[in-house]
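Residue numbers (the numbering used here): 229 to 272.
In this text, a Cβ means the ideal position worked out from N, Cα and C, and glycines have one as well.
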């Protein structure tokens, strides 16, 4: 199992993971703002 963790030890993997996490958070925020907020306001 140590061989697998050593394979992804390069800083580029951390950068890629951070980039994907950042985009995921932005997309989630936009989804909530553009779809869920109007839906909740329409129900109120």
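For residue i and residue j, I'd like the C-alpha separation in whole angstroms.
| i | j | result |
| --- | --- | --- |
| residue 233 | residue 269 | 47 Å |
| residue 236 | residue 243 | 11 Å |
| residue 258 | residue 238 | 31 Å |
| residue 265 | residue 231 | 46 Å |
| residue 249 | residue 267 | 26 Å |
Could you pull out every residue in the same chain whose Cβ sits closer than 8 Å to the Cβ of residue i, ignoring the five residues on either side in sequence?
| i | result |
| --- | --- |
| residue 246 | none |
Let me see if you follow: with CB-CB separation under 8 Å, is residue i close to chain B or not?
| i | result |
| --- | --- |
| residue 234 | Absent from the structure: chain B. Only one protein chain is present. |
Which residues in the same chain as residue i place their Cβ atom closer than 6 Å to its Cβ, once the five residues preceding and following it in sequence are excluded?
| i | result |
| --- | --- |
| residue 272 | none |
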